[in-house]
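Visitor: To convert, note that position 89 of the first sequence is 89 in the UniProt record's numbering; the numbers rise steadily by one, no gaps.
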Amino acid sequence: MFALVDVNNFYTSCETVFRPDLRGKPVVVVSNNDGCVISLSAEAKALGIQRGMPYFKIKADMKRQQVAVFSSNYALYADLSHRVMMTLAEMAPAVEVYSIDEAFINVASISRCLSLDTFGHQLRDRVLKHTGLTVGVGIAPTKTLAKLANFAAKRWRKTGGVVELSDNERLRKLLPLVPVHEVWGVGRRISKKLELSGIENALQLADSSTWLIRKRFSVVLERTVRELRGEACLAAEEFAPTKQHILCSRSFGQRITAYEEMHQAVCAYAERAAEKLRAEKQFCCVISVYIRTSPHADNETFYGPQASGRLAIPSNDTRDIIRVAINALEQIWKDGHRYIKAGVMLSDFFSQGVAQLNLFDEYQPRPNSNELMQTIDRLNHSGRGTVWFAGQGIQKSWAMKREMLSPGYTTRYSDLPIVR
DNA sequence: TCTGGGGTCCTAGGACCC
DNA sequence: TCTGGGGTCCTAGGACCC
1 MFALVDVNNF
11 YTSCETVFRP
21 DLRGKPVVVV
31 SNNDGCVISL
41 SAEAKALGIQ
51 RGMPYFKIKA
61 DMKRQQVAVF
71 SSNYALYADL
81 SHRVMMTLAE
91 MAPAVEVYSI
101 DEAFINVASI
111 SRCLSLDTFG
121 HQLRDRVLKH
131 TGLTVGVGIA
141 PTKTLAKLAN
151 FAAKRWRKTG
161 GVVELSDNER
171 LRKLLPLVPV
181 HEVWGVGRRI
191 SKKLELSGIE
201 NALQLADSST
211 WLIRKRFSVV
221 LERTVRELRG
231 EACLAAEEFA
241 PTKQHILCSR
251 SFGQRITAYE
261 EMHQAVCAYA
271 ERAAEKLRAE
281 KQFCCVISVY
291 IRTSPHADNE
301 TFYGPQASGR
311 LAIPSNDTRD
321 IIRVAINALE
331 QIWKDGHRYI
341 KAGVMLSDFF
351 SQGVAQLNLF
361 DEYQPRPNSN
371 ELMQTIDRLN
381 HSGRGTVWFA
391 GQGIQKSWAM
401 KREMLSPGYT
411 TRYSDLPIVR
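1. Beta-carbon separation of Ala146 and Val163 under 7 Å?
2. Which same chain residues end up closer than 6 Å to Ile321 when comparing Cβ atoms and leaving out the 5 residues on each side of it in sequence?
3. Return the CA-CA distance between residue 456 and Gly187, expressed in angstroms with no decimal places.
4. Looking at the unbroken alpha helix (DSSP H) that takes in Ser13, where does it start and where does it end?
5. From the DSSP output, in three-state form, read off Glu300 for me.
6. How far does the alpha helix (DSSP H) with Lys63 in it reach, from first residue to last?
7. Tell me which residue opens and which closes the beta strand (DSSP E) that Glu102 is part of.
8. Return the residue from the list Phe389, Gln282 and Ile256 that minimises the CA-CA distance to Leu336.
9. Using the Cα positions of Val266 and Arg310, report the straight-line distance between them to the nearest angstrom.
10. On the premise that Leu22 lies in contact with Ala68, defined as a C-beta separation below 8 Å, what is that separation, rounded to the nearest angstrom?
11. Can you tell me the Cβ-Cβ gap for Glu96 and Ala89, rounded? I've got them flagged as a contact below 8 Å.
12. Return the CA-CA distance between Ser99 and Leu174, expressed in angstroms with no decimal places.
13. Distance, Cα to Cα, Val219 vs Pro241?
14. What are the boundary residues of the alpha helix (DSSP H) that includes Phe151?
15. Please state whether DSSP places Glu164 in a helix, a strand or coil.
16. Could you work out which residue in Pro407, Gln374, Phe252 and Ser71 is closest to Val29 when comparing CA atoms only?
17. Taking C-beta to C-beta, are Leu196 and Ile246 nearer than 7 Å?
18. Could you give the first and the last residue of the continuous alpha helix (DSSP H) run that contains Phe119?
19. Going by CA-CA distance only, name the one from Gly52, Tyr74 and Ala60 that's closest to Pro407.
20. Count the C-beta pairs between the region 206-218 and the region 124-142 that are closer than 8 Å, then say yes if the count reaches three, no if not.
21. If you reduce the DSSP assignment to three classes, tell me which class Asp34 lands in.
22. In the region 259-333, which residue ranges form an unbroken alpha helix (DSSP H) of at least 4 residues, counting only runs that do not cross its ends?
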């Protein structure tokens, strides 16, 4: 049995934890660069605001309706996420953190001690007490069904935020009430295609022929069908698998037209990517860079090239990664465009730096690379200021917009809330 | 003027091998 | 007239997730 626990309206809820005056009011959080809406309180949803709406288009409207708007404060969300996960880990032996706001819990052993429904309510109470955040809990024999139970827990008030689906009869009653596009793994494209062939709810999907689904769609959807029938195809992941790619990309606060500014941005993103790589304890060989103009500008021709370079020896030294990234940038840079975004992607990972030196290689690993990188990472996490490579520049006129950022309530001493 | 960021998995097709 | 069978690896693109 799996339990899926996730936080309701996570980002907006994080904001209202520290702003009780906003509870019960419409609140939204907008994406990086104050681009578009990514999280909404129930009251904001009721006003007809939707995820993905560009902020600049609805700004005036939201002001009129007195909607509170926040720029994304990822330091805050990551910290609260960590507190939620710690609370879950205290209560259950096997917690698989699935995303910033949700986790699967293997509850097989727990069911021997107490009813799973009771356990679900205990989880809710404890997380609320520790963090001020409300979670929904779905419990079922497969991950897909746990997700579905979680959906039901949120959709229907009288469930009290917990739905347990070990009973087959309850399951058969719930399935036809769930639209097929709410099933985990069924997105916009597939739901449209399913609806065309008359499959509109979760029960109809569960009762479809696996053979036909595989033929007309893919093995992925076939697994979903089996999971809906209670046949577990997705296992509990005991350890987080190592990443295949690491990406750092950002839109700019203002368009970039000068090479020097792009050089700075690519340096900055390469540094951040390298830092993430070290956090994963990995080394990489391939570094790719892309730059692009706005895909929305009708009167400009789109330009969005990409180039990569390879390191002879796997590395996680920022200097190596910046060097290859800038080299790639030089291959694709063209004057005359108004660039909106750039990204640096790392791939081809190894768990050790120098597995074996190439016989004819003249490259040698940098001396003391490890110590230097550790020192930089420690300094940047100590809360005493930051250090960075000069290539990033100091002015950073391209930095992203965050005009409505909330304080770092739990991540910065000077921002600690004061209780009077 | 202004439209996010970061991931995964699968499939098809091409190049190449024997 | 007629041109095999069985693989691997890589890449790009499409679907999905949060």
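Beta carbons: idealized from backbone N, C-alpha and C, even for Gly.
Guide: This is what the structure gives:
1. As a position in the first sequence, residue 146 is number 146, starting the count at 1. As a position in the first sequence, residue 163 is number 163, starting the count at 1. In this structure, Val163 does not lie closer than 7 Å to Ala146 by Cβ.
2. By one-based count along the first sequence, residue 321 stands at place 321. Within the same chain, Ile321 has close Cβ partners Ala270, Ala274 and Ile287.
3. Past the boundaries of the shown model lies residue 456; the chain is included only from 1 to 420, so the question cannot be answered.
4. Here the question's residue 13 lines up with position 13 in the first sequence. Start and end: Phe10 to Val17.
5. As a first step, residue 300 must be located in the first sequence, where it is residue number 300. Coil at Glu300, not helix or strand.
6. Start at 1 with the first residue of the first sequence, and residue 63 comes out as number 63. Lys63 -> alpha helix (DSSP H) spans Tyr55 to Arg64.
7. Residue mapping note: residue 102 aligns to position 102 of the first sequence, counting from 1. Residues Glu102 to Asn106.
8. Here the question's residue 336 lines up with position 336 in the first sequence. In the sequence as displayed, the identity of residue 336 is Gly instead of Leu. If we check each option's Cα against that of Gly336, Ile256 comes out closest.
9. Translated into positions along the first sequence, residue 266 becomes position 266. Translated into positions along the first sequence, residue 310 becomes position 310. Near 17 Å, if we compare the C-alpha coordinates of Arg310 and Val266.
10. The residue labelled residue 68 in the question sits at position 68 within the first sequence. The residue labelled residue 22 in the question sits at position 22 within the first sequence. The Cβ separation is near 5 Å, so the contact holds.
11. As a working note, residue 96 is residue 96 in the first sequence. As a working note, residue 89 is residue 89 in the first sequence. That belief does not hold up - the Cβ atoms of Glu96 and Ala89 are roughly 11 Å apart, past 8 Å.
12. Stepping through the first sequence from its first residue, residue 99 is reached at position 99. Stepping through the first sequence from its first residue, residue 174 is reached at position 174. Ser99 and Leu174: Cα-Cα distance of roughly 26 Å.
13. Within the first sequence, the letter at position 219 stands for residue 219. Within the first sequence, the letter at position 241 stands for residue 241. If I take the Cα positions, the gap works out to 21 Å.
14. The residue given as residue 151 occupies position 151 in the first sequence. Segment Lys143 to Arg155, the alpha helix (DSSP H) holding Phe151.
15. Here residue 164 corresponds to residue number 164 of the first sequence, with the count starting at 1. Strand.
16. Counted from its first residue, the first sequence places residue 29 at position 29. Among Pro407, Gln374, Phe252 and Ser71, the Cα nearest to that of Val29 belongs to Ser71.
17. Along the first sequence, read from residue 1 onward, the residue named residue 196 stands at position 196. Along the first sequence, read from residue 1 onward, the residue named residue 246 stands at position 246. No, these two residues do not count as a Cβ contact at 7 Å.
18. As a first step, residue 119 is located in the first sequence; it is residue number 119 there, counting from the start. Leu116 to Thr131 is the span of the alpha helix (DSSP H), which, as asked, contains Phe119.
19. Reading the first sequence from its first residue, position 407 is the one you call residue 407. Of the listed residues, the one whose Cα sits closest to Pro407 is Tyr74.
20. no
21. Residue mapping note: residue 34 aligns to position 34 of the first sequence, counting from 1. Helix, per DSSP.
22. 259-279 and 318-332
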